[in-house]
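Visitor:
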Amino acid sequence: MVENEWRIENPGGSQRVIVTKDLPGEHWLEVLKAADCRVEICTSDTILTRMQIIDAIGNSCDGVIGQLTEAWGEELFIILNAAGGKVYSNYAVGYNNIDIEAATAAGIAVGNTPGVLTETTAEMAVALTLAAARRVCEAERFLRAGRYQGWLPNLFVGELLEGKTVGIIGAGRIGSAYAMMMVKAHNMNVLYCDVNANVELEKAVAAYSEFNQSQGGMPLRCTRCLNVEDLLQQADCVSVHTLLDDSTYHLIDADRLVMMKENAILVNTSRGPVIDEAALVAHARTHPDFRAGLDVFEHEPALADGLTELDNIVAVPHIGSATQWTRTGMASLAACNVAAVLHGYPVWNKDDFLEYLSFPVPQAVPSIINAEALGLAMLP
Ligand code: DGY
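Note that numbering that gives the first Met the number 0 has the sequence shown beginning at 0, numbered continuously upward.
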């Protein structure tokens, strides 16, 4: 087994918190120190194995900040509980790596980091959409390979987005932010598919449409589709923003890919397994005008066979939330989740988390997924 290195901060702290990867910024660490925590941080970049996490928890551990690359299931939560643990926070907004039921059964509160990833991840979805539409990456590879011999009428001709229709699968915070970026920058009509109607998004598009018309532009529409097939058939560009669970696993499969327009663009910044990646590679191979922009992969960090050979797939290594502001904000929220549960504070009651990014932080736990199941008190 590879030995991992650990750095200890505030060694005299009365509560032991382990952090399975070093996190950006200082604010998060100050939050934990102010809460009298001894903080043990794994400084190695290798992903910890289950056994290494068990070793790190040891006999006494009050809280953990962990990563989306670690599978937190029944065994780890039982061990954490036996070590005196009360709280685990993911350093992520997504939590498909966590068995929430098992955590609840072990009495462990599970936190995540919403609110601070919204615009950053939506911007990455926009970047992938534009890169795919305008063939930016394959054109750059061509240029760097010294193959550019001069301007040509047919060199890397792509797709215009202006005035077309964007389809959003999962119209939560990030999906809505992406939709509005596409509406405002490219005058796109919106179709969305979500278990709930998103009245706020519909109103925002209607308000922008009014403004657009006042400037001599076209009316723009935002329409909810009750099934994903309708959206896939009509949209020119589809962006996936749903969470991953049994109902969304392989939501986009071979059958649904063929429903999309021949020259459609498919973008995924949510979780890889929402798309059947082998089917996507097969589809992209036989449909040269179809394009995809991927930030996440079904078997991360492995990629489906043949994916990297296809010029009509743009792919980046799960960096949707990777801006300094967001990653330090995620660290602050994760630290506040742990510190505030250990303090016994009630759970935050707003959908705005900016107050957690500076001092003083609110005396409330920012975001606990199983708060209701654990019967945690909420701020009034
Ligand atoms: C998340 O937070 O779920 C992203 O995938 C990584 O930041």
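We put the beta carbon where it would ideally sit given N, CA and C, even for glycine.
State yes or no: is the C-beta of residue 73 within less than 8 angstroms of the C-beta of residue 47?
Guide: no
Visitor: Is residue 308 near residue 288, with beta carbons less than 8 angstroms apart?
Guide: no
Visitor: Apart from the five residues just before and just after residue 255, which ones in its own chain have a Cβ nearer than 8 angstroms to its Cβ?
Guide: 227, 228, 231
Visitor: Residue 338: beta carbon under 7 angstroms from a heavy atom of the ligand DGY?
Guide: Because no heavy atom of the ligand DGY lies under 7 angstroms away, the Cβ of residue 338 does not count as near it: no.
Visitor: Using the rule of at least 16 other Cβ atoms within 10 Å of the residue's Cβ for burial, across every protein chain shown, is residue 0 buried or exposed?
Guide: Caution applies to residue 0, whose pLDDT of 43 falls short of 50 and renders its modelled position unreliable; the value that the coordinates give is listed next. It counts as exposed.
Visitor: Shortest alpha-carbon distance to residue 310 belongs to which of 164, 293, 299?
Guide: For the residues 164, 293, 299, the minimum Cα distance to residue 310 belongs to 293.
Visitor: Which one of 24, 62, 238, 178 has the shortest CA to CA distance from residue 13?
Guide: It is 62 whose Cα lies nearest to the Cα of residue 13.
Visitor: Would the C-beta of residue 320 count as close to the ligand DGY, meaning under 7 angstroms from any of its heavy atoms?
Guide: Checking the Cβ of residue 320 against the ligand DGY gives yes.
Visitor: Using a 10 Å radius around the Cβ and a threshold of 16 neighbouring Cβ atoms, would you call residue 184 buried or exposed?
Guide: With fewer than 16 other Cβ atoms inside 10 Å of its own Cβ, residue 184 counts as exposed.
Visitor: Is residue 334 near the ligand DGY, judged by its Cβ being under 7 angstroms from some heavy atom?
Guide: Checking the Cβ of residue 334 against the ligand DGY gives no.
Visitor: Please report the distance separating the alpha-carbon of residue 368 from that of residue 319.
Guide: 22 angstroms
Visitor: To the nearest whole angstrom, what separates the beta carbons of residue 225 and residue 272, a pair I think is in contact under 8 angstroms?
Guide: In this structure residue 225 does not touch residue 272 by the C-beta definition: roughly 24 angstroms separates them, more than the 8 angstroms allowed.
Visitor: If you draw a straight line from the C-alpha of residue 342 to the C-alpha of residue 53, how long is it?
Guide: Between the alpha carbons of residue 342 and residue 53 lies a gap of roughly 24 angstroms.
Visitor: Output the distance between the C-alpha atoms of residue 132 and residue 159, rounded to the nearest integer angstrom.
Guide: Residue 132 and residue 159: Cα-Cα distance of roughly 7 angstroms.
Visitor: Go through the segment 24-66 residue by residue and report every complete run of the alpha helix (DSSP H) that reaches 4 residues or more, in order.
Guide: 26-33, 49-56
Visitor: On the three-state DSSP scale, how would you describe residue 136?
Guide: Three-state result, residue 136: helix.
Visitor: What's the gap between the Cα of residue 339 and the Cα of residue 138?
Guide: Their backbone Cα atoms lie some 49 angstroms apart in a straight line.
Visitor: Starting from residue 8 and walking both ways along the beta strand (DSSP E), at which residues does that stretch end?
Guide: Counting along the chain, the beta strand (DSSP E) containing residue 8 begins and ends at 5-8.
Visitor: Who are the Cβ neighbours of residue 75 in its own chain at under 8 angstroms, not counting the five residues just before and after it?
Guide: 49, 52, 53, 56
Visitor: What residue range is occupied by the uninterrupted alpha helix (DSSP H) comprising residue 192?
Guide: Counted as a single uninterrupted DSSP element, the stretch harbouring residue 192 is not any alpha helix (DSSP H) but the beta strand (DSSP E) occupying residues 188-192.
Visitor: Identify, in the order they occur along the chain, each residue of the same chain with its Cβ nearer than 6 angstroms to the Cβ of residue 274, setting aside the five sequence neighbours on each side.
Guide: 251, 267
Visitor: Helix, strand or coil for residue 1? Go by DSSP, reduced to three states.
Guide: Note on residue 1: pLDDT 49, under 50, position unreliable in the model; the coordinate value appears next. Coil at residue 1, not helix or strand.
Visitor: Expressed to the nearest angstrom, what Euclidean distance is found between the alpha-carbon atoms of residue 203 and residue 180?
Guide: Counting only the Cα atoms, residue 180 lies some 11 angstroms from residue 203.
Visitor: Going by CA-CA distance only, name the one from 91, 186, 177 that's closest to residue 237.
Guide: 177
Visitor: Would you say residue 373 and residue 112 are within 8 angstroms of each other, going by their C-beta atoms?
Guide: no
Visitor: Is the beta carbon of residue 172 closer than 8 angstroms to that of residue 155?
Guide: no
Visitor: Identify the continuous alpha helix (DSSP H) that holds residue 367 and give its terminal residues.
Guide: Residue 367 -> no alpha helix (DSSP H), and no H or E assigned at all.
Visitor: Over the uninterrupted beta strand (DSSP E) stretch that includes residue 15, give me the two end residues.
Guide: 14-18
Visitor: Helix or strand or just coil, what does DSSP make of residue 293?
Guide: strand
Visitor: Below 8 angstroms, can you find three or more Cβ-Cβ pairs linking the segment 320-327 to the segment 184-196?
Guide: no
Visitor: Return the CA-CA distance between residue 174 and residue 38, expressed in angstroms with no decimal places.
Guide: Counting only the Cα atoms, residue 38 lies some 35 angstroms from residue 174.
Visitor: When every heavy atom of the ligand DGY is checked, does at least one fall within less than 7 angstroms of the C-beta of residue 91?
Guide: yes
Visitor: Where DSSP assigns a beta bridge to residue 236, which residues make up the other side?
Guide: 165, 264
Visitor: Quickly, what does DSSP pair residue 110 with across the bridge? List them, please.
Guide: 88, 367
Visitor: DSSP beta-bridge partners for residue 97?
Guide: 71
Visitor: At a cut-off of 7 angstroms, is residue 293 close to the ligand DGY when judged by its beta-carbon and the heavy atoms of the ligand?
Guide: no
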